[in-house]
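Following: one structure in structure tokens, then a few remarks.
Numbering (my numbering), first residue to last: 989 to 1204.
Here it is, written out as structure tokens:
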């Protein structure tokens, strides 16, 4: 069969490429889909981080209770700061609870690790000394400090914070009670009675009770 006849045979579709306009339309559709999907994925990731952070705080709270069972219901005497801002000579809470914690990863907030790729950023020197992104209610100037205290001295365990995620670590001062929210824009607080509450907002204030400075 001659070449010209083969090329014009019925049923043989002619092949053509995308035009520039068609290519631009496809790219614009991909861009729109990406703008919709990426925020959804980011929110899902944040929710997963917060869920894990809540679990971490609860597990640390359980470890504190296990410690107290072995020490006549006394809270751990763990590292804190004195009124001058110096670290007291005491082990970190992580060190004290080492034998009560099976998974060492609970000391690291997943949202902090995702943002900084390390346990603590260089500017967070105070929290690096704690070797954890979770704080412990052990500051002596706080009215409800738990460091070395007996459980019987806590009249309302459901209202006193025990452990919280301090990954934001923008403390307004050594003896102040205001803490910035973590990388996911929230703070998980584990209370003495074992329940964990999530506080959303840019700043959380620790006084006799925990409240959000935003008032929300």
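The beta-carbon is built from N, C-alpha and C at its ideal position, and this holds for glycine as well.
- When rounded, the separation of the alpha-carbon atoms in residue 1187 and residue 1174 is 5 Å.
- Residue nearest to residue 1098 within the set 1184, 1055, 1122, 1020 is 1122 (criterion: CA-CA distance).
- Of the candidates 1089, 1029, 1045, the residue whose Cα lies closest to the Cα of residue 1055 is 1089.
- Beta-bridge partners assigned by DSSP to residue 1124: 1151.
- By the Cβ criterion, the segment 1055–1064 is in contact with the segment 1133–1148, since at least three pairs of Cβ atoms, one from each stretch, lie closer than 8 Å.
- Under the three-pair Cβ rule at 8 Å, the segment 1179–1186 counts as touching the segment 1041–1054.
- With respect to the 7 Å criterion, residue 1066 and residue 1126 are classified as neighbours on the basis of their beta carbons.
- Secondary structure note for residue 1084: it is in no beta strand (DSSP E), and the uninterrupted alpha helix (DSSP H) holding it is 1081–1084.
- With at least 16 other beta carbons inside 10 angstroms of its own, residue 1094 counts as buried.
- DSSP places residue 1053 in the helix class (H, G or I) of the three-state scheme.
- If you check the CB distance, residue 1045 and residue 1184 come in under 7 Å.
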